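Chains as they are written, first to last, in the working numbering: chain W, 1 to 321; chain X, 322 to 642; chain F, 643 to 963; chain L, 964 to 1284.
There are 4 protein chains.
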Amino acid sequence: MNSPSLYQQLGINLDLALEAHELLRGATGQEIPGVREDKEELPNATVTTVTIFSPEGARMMNKPLGKYITIEAPNLRIIDPEIQSEISNLLARKLQELIPTSEQLNILLVGLGNWNATPDALGPKVIGQSVVTRHLYNYAPEALTPGLRSVCALAPGVLGITGIETAEIIRGVVEKVRPNIMVVVDALAAKSIDRIGSTIQIADTGISPGSGVGNQRVGINQETMGIPVIAIGCPTVVHAAIIMEEVILKLFQELNMYQGLRPPIINDVISNVLSPFGGSLTVTPKEIDSMVENLAKTIARGINQALHPSVTPSNLSYYLQ
Amino acid sequence: MNSPSLYQQLGINLDLALEAHELLRGATGQEIPGVREDKEELPNATVTTVTIFSPEGARMMNKPLGKYITIEAPNLRIIDPEIQSEISNLLARKLQELIPTSEQLNILLVGLGNWNATPDALGPKVIGQSVVTRHLYNYAPEALTPGLRSVCALAPGVLGITGIETAEIIRGVVEKVRPNIMVVVDALAAKSIDRIGSTIQIADTGISPGSGVGNQRVGINQETMGIPVIAIGCPTVVHAAIIMEEVILKLFQELNMYQGLRPPIINDVISNVLSPFGGSLTVTPKEIDSMVENLAKTIARGINQALHPSVTPSNLSYYLQ
Amino acid sequence: MNSPSLYQQLGINLDLALEAHELLRGATGQEIPGVREDKEELPNATVTTVTIFSPEGARMMNKPLGKYITIEAPNLRIIDPEIQSEISNLLARKLQELIPTSEQLNILLVGLGNWNATPDALGPKVIGQSVVTRHLYNYAPEALTPGLRSVCALAPGVLGITGIETAEIIRGVVEKVRPNIMVVVDALAAKSIDRIGSTIQIADTGISPGSGVGNQRVGINQETMGIPVIAIGCPTVVHAAIIMEEVILKLFQELNMYQGLRPPIINDVISNVLSPFGGSLTVTPKEIDSMVENLAKTIARGINQALHPSVTPSNLSYYLQ
Amino acid sequence: MNSPSLYQQLGINLDLALEAHELLRGATGQEIPGVREDKEELPNATVTTVTIFSPEGARMMNKPLGKYITIEAPNLRIIDPEIQSEISNLLARKLQELIPTSEQLNILLVGLGNWNATPDALGPKVIGQSVVTRHLYNYAPEALTPGLRSVCALAPGVLGITGIETAEIIRGVVEKVRPNIMVVVDALAAKSIDRIGSTIQIADTGISPGSGVGNQRVGINQETMGIPVIAIGCPTVVHAAIIMEEVILKLFQELNMYQGLRPPIINDVISNVLSPFGGSLTVTPKEIDSMVENLAKTIARGINQALHPSVTPSNLSYYLQ
């Protein structure tokens, strides 16, 4: 079982804890020490909670200790009002479990990613649809209705646009704004195409270096920010190398070749085909624009409901600018 | 040698005549009747002209009779002022060979594609950087300097946004505006990753149904529009199925398997892996936003110089809004 | 009483029939032959219907024969979910009165204006939020639910961007698409600042030359398009000249000067102060971006409900891309 | 001479030192103690340097001690390549006089304003056209050519979008990035319509509270940021109140009324007419989108040339993303 080496060779991290766990457990479904997985089946979604509770689990998963809640909702890709509203509500409930209940909370929402590249624009798009209120507390308290918490929001851009590490910008703002908690939204890369546009991961661990479509170089988490960081991510792409490996392994299986072994030449051939752009090639559906639009709407709605108790599905759109 | 069947099975057309010719000729480099290929080597570009001059050639190439000029410039992907300016000038010269020299020409520029999806936004972005003058002829002739021709421009959007076939919109506008010639810009899909961001095809045949990233359903050509249509296209993606096939065939070669044969199971495995999104998955580099930005700049500059004799590299930026 | 001469001198038309009627009737409130005005008071809106029913009325009003329904809702400027939803519903009801009830209707929605200039971007923004279905009838009838009518949509841009008269583009598309009816959305100029952001006019007359913020040169109406055209417009600006005149006349009143007379020098002084930009200066609030965003949302919601009987306030957002 | 009271009453500051000086000096052209004005006439521009060198001058001008260089170039409003290039070069020269010559400088560029409101989008648009290099120093030094300095860039948004004071965001980033100097670009309000789109002010004082179209509440200057701040601003609007006062005073002059006196009722009438939107109404030309586009291009070009010695007019466009 040496498949992770392709990931290592190309410097690819699995963003979804669910997929990392699946890959580690392999065909035999063996238990991974220090990792627990719980499943909850709902009519239109499966919620899987992967908990990494020991350093050994963290090392094997290559992910920090913490809780990774994944909502899988294949029907999210179909535009159906009721299902999408259901997923927003589910996201809101799961988020609320991770956020202190105090009304006095100051929350910083951060939308990571590059607004100029559709698959990476999820974070900034969610920011554009969030109910921002922090300034009202200072300048127009009369515009506040009960049940609105203090929320501020930032889409810091990416290194290529600003010349500044995103984590540096956020850290600078955190030191001024002093929020109690941060919620970070980012586009992710999945291992499986099935999960594009249909999956939302909520992690109480923040964001590790090297994850996300835009590949953070520095983590955005309690350690770097000094406050709890909840990360919400959705796969919008699959790394091209990963999908190539998948097709090759499936083919070998069909041809009854190699019997689960994995000739090392595979990595070389893949690297070679992808060489003009290195690890940066991603696979994405043509409908990526409407998919990201819909994900942003579903996630923003869930976040707004979770953060502001007075926001309901029917009045939400009017709190937005 | 039955590889085209994957394309047929997934309804994929090769957009670049150069690649279709390469594929047809295969490893043996056999001549294709009715098709001629000429190469011109320049310091920073190779210009290949594929001419399809007989119906048999057209049938085999699955492309209309006509001239397909392809500029391959790998250095276009590096941001180097001198090389890019060189390619703009080269594009302008090649375009001028296809456009009548009359000053009295009325030209309609059309930018196909979806402005909301980065890899498909090339056409609209070129429109945003074109020197549009037709209204000055009617309303402000004093603002016209000699050497500006009458150019109007349209970015008609895509079916999913308007609910209208793009060709219908363009045809409607053509019947009102009565241009003498149309230049259409579109994002293409390549067979080879190498060609993403480094290749410009100029065809005097217009656009055939099923080509481009956004997949026109109806052709945009002399037949449907009643005027000559010059198509300028650049690959910004590769179909995921194509790249998968490439990696599999390379692997077989490395493993000395199948000796050039091609087990039909390949197509099934590929289709199966891609099935959640059908043929619509594409591979694209993460830097797609800056790549499309640069291509748009290079192409718009070439078009502006070709259409307006008085526009030069150094004064161009000031004619733009 | 010679105040209209300022409008004539600067080529300014009053876009709102309500204001044109008010101005004509003057302080004395005299009746205008061929014009009738009806008022309906609702809790959060006043609906005024001005009907021009004789050629003399049309000549005096400088507007075509027809019905002009104006919704005045000062609270629209406050972001209050319930009031805005109320106004969307009201707009939907008033629109439905002007649209045939047949399910088989083909409707073309047109968003006039310049997406690059915030106060003029209302039309394109409404298009971006409309439920477009025409292509589903042709390509994916299974995605259609009962109660969706065939709607297509176009944001044709402005003369300075395309080089083509907007009416030419629309007429070209109409001849291809053959809709039964057209709904056109545009940003208007008001006479009174009060009406910015708080007023919606629905007219069964289409759009006359010279109206709207972007000033159509050619009408978009039954005469030019060959089908009924319903125009929906909202003031987002006031002409600078108009507001200057207002302040001067108020000042004279306060100073008890001129007793209702109007020294002709006023027009010259105003023209002189505005001369660097001629009639093109407009007055607009700094919050214009969020105001236009909110108007677009309210109007798009009303239109979607009116055109698609199955769209309701609670499911609307999910039909949108 | 009590005209400033309108400004005070409405909380309006004159952004251009040139205009504040003009207003103070009044019709008599009296000297203001502690303020010096120097003029330089160039073929297509007048450069006026207002230096405030004593606390008394600062108090009277209601502006901090420092140097305010104003480029007035009426022809900037005409799209003429040569004139615009001339102004970019002039701006670059004037900027270089204020920036240390060291190659080792780290510079933070900040684009203030709201990207959603055209007249206030100047700052963010300049950021979008700046040559950003700081990340190359850290991650890709081989991509650096000699003559590029370390520049990073930020468009922090406005309070209504983020819920955070802009100065807080910038200060947070400054503390992380530790630049040696900051260059801030902002849209301004002028007193005179003539100056819209034709004027660039460069001040070594940074930005004071209450200035700019978006009205900073907190200063962005050496005092708040701890490093020198150079502010570049262009008027894109005139406050509606100011233009109303101008038209009234001109009218009185024409009518030979009040002989330079100023009946206090004027302020009340103006406030009353503007009351639906308070001081937030601004006057702006309809062509604001192309005007802001052109100003952004001219300013970005000047800044890029000033900051990066190796950037020249002819190669600039290729350093941009």
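We put the beta carbon where it would ideally sit given N, CA and C, even for glycine.
Predicted model only: the values in this text are computed from it and were never measured.
- Task: Could you please tell me which residues of the stretch 1196 to 1227 of chain L, in chain order, have their CB closer than 8 Å to any CB of chain F?
- Result: A1203, I1206, M1207, E1209, V1210, I1211, K1213, L1214, E1217, L1218, P1226
- Mind listing the chain X neighbours of A117 of chain W? Cutoff is C-beta to C-beta under 7 Å, in chain order. T439, I609, D610
- Item | Close beta carbons around I591 of chain X, own chain, < 6 Å, minus the five adjacent residues each side | A562, M565.
- Task: Please name the residue or residues paired with H881 of chain F in a DSSP beta bridge.
- Result: In the DSSP assignment, H881 of chain F is bridged to F:T924.
- Message: Threshold first: 3 residues or longer. Then list the beta strand (DSSP E) segments lying entirely within the stretch 794 to 842 of chain F, N to C.
- Response: 823 to 832
- Task: Check the C-beta distance from T166 of chain W over to V237 of chain W and give it rounded, since I have them as a contact under 8 Å.
- Result: Going by Cβ atoms, the distance from T166 of chain W to V237 of chain W rounds to 19 Å, so no, they are not a contact pair.
- Between the stretch 464 to 483 of chain X and chain F, which residues of the former have a C-beta closer than 9 Å to a C-beta of the latter? S471, V472, C473, A474, L475, A476, P477, G478, L480, G481, I482, T483
- Is DSSP giving T619 of chain X helix, strand or coil here? helix
- Query: Between F:T804, F:Q651, F:D722, F:T670, which lies nearest to L754 of chain F when the distance is taken from Cα to Cα?
  - Reply: For the options F:T804, F:Q651, F:D722, F:T670, the alpha carbon positioned closest to that of L754 of chain F is the one of F:T804.
- Message: For chain F, check one thing: does any of its Cβ atoms lie closer than 8 Å to the Cβ of R492 of chain X?
- Response: yes
- Message: Distance cutoff 8 Å, beta carbons only. Does S324 of chain X sit that close to anything in chain W?
- Response: Reliability of the predicted coordinates at S324 of chain X is poor, the pLDDT of 46 falling under 50, and no value is obtained from them.
- Query: Under 8 Å between C-beta atoms, does Q963 of chain F make it to chain L?
  - Reply: With a pLDDT of only 45 at Q963 of chain F, under 50, the local geometry of the prediction cannot be trusted, and the value read off the model is given with reservation. Q963 of chain F does not count as touching chain L.
- Neighbouring residues, chain L, relative to T133 of chain W (Cβ below 8 Å): G1126
- Message: To be precise: take each residue of the stretch 332 to 359 of chain X, compare its Cβ to all Cβ atoms of chain F, and keep it if any distance is under 8 Å. Which residues remain?
- Response: none
- Which of helix, strand or coil DSSP assigns to N396 of chain X: helix
- Item | Local conformation of L1068 of chain L per DSSP, three classes | In this structure, L1068 of chain L counts as coil in the three-state DSSP scheme.
- Message: For the stretch 173 to 191 of chain W against the stretch 7 to 22 of chain W, do three or more pairs of beta-carbon atoms, one drawn from each stretch, fall closer than 8 Å, so that the two count as touching?
- Response: With a cut-off of 8 Å, the stretch 7 to 22 of chain W and the stretch 173 to 191 of chain W count as touching, because enough Cβ pairs lie within range.
- Query: Along chain X, which residues have their Cβ under 8 Å away from the Cβ of L274 of chain W?
  - Reply: I514
- Does the stretch 75 to 95 of chain W come close enough to the stretch 206 to 223 of chain W that 3 or more CB-CB pairs lie under 8 Å? no
- What distance in whole Å lies between the Cβ atoms of P1027 of chain L and T1162 of chain L, which are believed to be in contact at a cut-off of 8 Å? Between P1027 of chain L and T1162 of chain L the Cβ distance is about 20 Å, and since that is not below 8 Å, they are no contact.
- Message: I'd like to know if the stretch 747 to 764 of chain F and the stretch 790 to 797 of chain F are in contact, where contact means that at least 3 CB-CB pairs between them fall below 8 Å.
- Response: Taking a cut-off of 8 Å on C-beta distances, the stretch 747 to 764 of chain F touches the stretch 790 to 797 of chain F, as three or more cross pairs fall below it.
- Message: Can you give me the C-alpha to C-alpha distance between E1217 of chain L and L665 of chain F, rounded to a whole angstrom?
- Response: 27 Å
- Message: My assumption, with CB atoms under 8 Å, is that V1210 of chain L sits in contact with I890 of chain F. Please give the rounded CB distance.
- Response: With a Cβ gap of about 7 Å, V1210 of chain L and I890 of chain F count as contacting.
- Message: Once the 5 residues before and after L923 of chain F are set aside, which same chain residues still bring their CB inside 6 Å of it?
- Response: A882, L916
- Limits of the alpha helix (DSSP H) - the one that K1002 of chain L falls within: Careful: K1002 of chain L lies outside any alpha helix (DSSP H), inside the beta strand (DSSP E) at 998 to 1005.
- Local Cβ density within 10 Å of Q201 of chain W, reported as buried at 16 or more and exposed below that: When all chains shown are included, Q201 of chain W counts as buried.
- Message: Cutting at 8 Å between CB atoms, please list the residues of its own chain near L136 of chain W, excluding the five before and the five after it.
- Response: For L136 of chain W, the CB contacts under 8 Å within the same chain, skipping 5 residues up- and downstream, are A143, L144, L148 in chain order.
- Message: Considering just the uninterrupted stretch of the beta strand (DSSP E) at T439 of chain X, what are its terminal residues?
- Response: Taken as a continuous stretch (DSSP letters only), T439 of chain X belongs to no beta strand (DSSP E), as it is neither H nor E.
- Establish whether the CB of E424 of chain X and some CB of chain F are separated by less than 8 Å. Residue contact with chain F for E424 of chain X: absent (no Cβ-Cβ distance below 8 Å to any residue of chain F).
- Query: Would E1035 of chain L be called buried (16 or more neighbouring beta carbons within 10 Å of its own) or exposed?
  - Reply: buried
- Item | Selection from X:L616, X:Q450, X:T391, X:I420 that minimises the alpha carbon distance to I502 of chain X | Here the closest residue by C-alpha is X:I420.
- Item | Euclidean distance between Cα positions of P500 of chain X and G493 of chain X | In this structure, the CA atom of P500 of chain X is about 12 Å from the CA atom of G493 of chain X.
- Have a look at the DSSP bridge pairing and note the partners of K67 of chain W. W:T51
- Query: Among residues of its own chain, excluding the 5 on either side of Q321 of chain W, which ones have a beta-carbon nearer than 7 Å to its beta-carbon?
  - Reply: The predicted model places Q321 of chain W with a pLDDT of 46, which falls under 50 and marks its position as unreliable; any figure quoted below should be read in that light. Here the set comprises nothing.
- Could you tell me if S3 of chain W is buried or exposed, where buried requires 16 or more neighbouring beta carbons within 10 angstroms of its beta carbon? Any reading at S3 of chain W must be qualified, since the residue scores a pLDDT of 46, below 50, and its modelled position is unreliable; the value itself is stated next. S3 of chain W is exposed by the Cβ-count criterion.
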